[in-house]
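Asker: Following this message is one structure expressed as structure tokens.
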Amino acid sequence: MERIVHLCNGDSTADTLSLADLPGEIRVWADALDQGPSLPVSDDEHYKARTAFWASQGSTGDSTKLAEYDRGLDEAAAAEELILWFEHDLFDQLALCRVLSRLARRGLPQTLTIVSIDRHPEVPNFLGFGQLQPEQLAELWPRRTPLSRDAIDEAITTWIAVTSSDPRALPYLTRRVKALPFLAGAIERHLEEFPDPQSGLSRTERQLLAAVARGIATGGELMKTVHAIDPRYPITDTYLLHTLRTFATAGLVEGVAPSGPSPSAFREVNATI
């Protein structure tokens, strides 16, 4: 029997996909590479750096989990078909680049396909697969497309540029990548997270501070506002809370607990300028 593996961008998508009655096994590979260090180092050094970063953000970092994701990916490469479920945003596109780079280095599956969208006719404000129902995901599966050698090479080149200490190749890549339809836009969004020369703030920081200045106070409303204006970068509650805490430490906002568990502290946010 042909072995099919679906690789998802997170547990939420995997849980929904498990209800879609598709053939094959489901695995997860997820790390928010848009945040924290991504370095050209060994696997063990990478896991340690990522874990230390998440711990510094008040989140639970687990090098064991990251290693499990990579082992699962390596094992999935032995399948007759590996289907990658990665959408359009920065989170997914960076993960896709690392996944494809690793597959190219460790060994490609017999057939490598992808399901990747940036909109859905039944979801007006589409942000990601997590908004879809099992039957909607099932309808996307027949529309999966083969990943070409050009697409894999673009992912490898982008990952090398992202992990480099010199980011000057990234603007060039926004004009060169073509085979992965959402990668150029994701690279552009990645570049916008570098500090602005005038304010010293990233795009996310500027958007969040402007929202608080307009009177949007709670964590949930701030997240909803930022998602609406920035669909290529769906900020997480952990990152939003960390950014607000950074603002509070700098004296830019009030109403944010300086410490404490992320879920409860996020719910208690009542930010003001």
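Under the working numbering, the residue at position 242 of the sequence shown is numbered 242, and the numbers go up by one with no gaps. All C-beta atoms, glycine included, are put in the ideal place defined by N, C-alpha and C.
For Arg27, which of helix, strand or coil comes out of DSSP?
Answerer: Position 27 of the sequence shown holds residue 27. Strand, per DSSP.
Asker: Please tell me whether Trp29 and Ser101 are closer than 8 angstroms, where the distance is taken between their beta carbons.
Answerer: Reading the sequence shown from its first residue, position 29 is the one you call residue 29. Reading the sequence shown from its first residue, position 101 is the one you call residue 101. Their beta carbons are not under 8 angstroms apart, which means Trp29 does not touch Ser101 by this criterion.
Asker: Using DSSP with H/G/I as helix, E/B as strand and the rest coil, what is Thr218?
Answerer: For the purposes of this step, residue 218 is taken as residue 218 along the sequence shown, with counting starting at 1. Thr218 falls in the coil class under three-state DSSP.
Asker: Say whether chain C places a C-beta atom closer than 8 angstroms to the C-beta of Arg105.
Answerer: Note that chain C does not occur in the displayed structure, where there is just one protein chain.
Asker: So, is Gly260 buried or exposed, given that buried needs 16 or more other C-beta atoms within 10 angstroms?
Answerer: For the purposes of this step, residue 260 is identified with residue 260 of the sequence shown, where counting begins at 1. Exposed, because fewer than 16 other Cβ atoms sit within 10 Å of the Cβ of Gly260.
Asker: Bridge partners of Val123, per DSSP?
Answerer: As a first step, residue 123 must be located in the sequence shown, where it is residue number 123. Beta-bridge pairing links Val123 to His120.
Asker: Smallest Cα separation from Gln136: which of Asp196, Gln198, Val115, Gln93?
Answerer: Locating residue 136 in the sequence shown gives position 136, where the first residue counts as 1. Taking only the C-alpha atoms, the option nearest Gln136 is Val115.
Asker: By the three-class DSSP mapping on this structure, what secondary structure does Val256 have?
Answerer: As a first step, residue 256 must be located in the sequence shown, where it is residue number 256. Correct three-state label for Val256: coil.
Asker: Which partner residues of Leu108 appear in the DSSP bridge assignment?
Answerer: The count along the sequence shown starts at 1 and reaches residue 108 at position 108. Note: Leu108 sits in no beta bridge, so no partner.
Asker: Are Leu7 and Leu94 closer than 8 angstroms when you measure CB to CB?
Answerer: Translated into positions along the sequence shown, residue 7 becomes position 7. Translated into positions along the sequence shown, residue 94 becomes position 94. No, Cβ-Cβ distance for Leu7 and Leu94 is not below 8 angstroms.
Asker: Ile156 and Ala76 look like a contact to me (Cβ under 8 angstroms); what is the Cβ gap, rounded to whole Å?
Answerer: Along the sequence shown, one-based indexing puts residue 156 at 156. Along the sequence shown, one-based indexing puts residue 76 at 76. With 8 angstroms as the limit, Ile156 and Ala76 do not qualify as a contact, their Cβ atoms being about 18 angstroms apart.
Asker: Does the region 247-257 touch the region 195-204, meaning 3 or more C-beta pairs lie closer than 8 angstroms?
Answerer: Output reads no: the region 247-257 does not touch the region 195-204.
Asker: For Ile235 and Ala78, what's the separation of their Cα atoms in angstroms?
Answerer: Position 235 of the sequence shown, counting from 1, holds the residue named residue 235. Position 78 of the sequence shown, counting from 1, holds the residue named residue 78. Those two C-alpha atoms are separated by around 34 angstroms.
Asker: How is Leu22 classed by DSSP in three states: helix, strand or coil?
Answerer: Position 22 of the sequence shown holds residue 22. If DSSP states are grouped into helix, strand and coil, Leu22 belongs with coil.
Asker: Considering Glu188, what are the terminal residues of the alpha helix (DSSP H) in which it resides?
Answerer: As a first step, residue 188 must be located in the sequence shown, where it is residue number 188. Start and end: 183-191.
Asker: Counting only runs of 4+ residues fully inside the region 61-113, write out the alpha helix (DSSP H) ranges in chain order.
Answerer: Correct list: 63-76, 90-106.
Asker: Provide the residue span of the beta strand (DSSP E) that contains Val212, from first to last.
Answerer: The residue you call residue 212 lines up with position 212 of the sequence shown. From DSSP, Val212 is part of no beta strand (DSSP E) but of the alpha helix (DSSP H) over 203-213.
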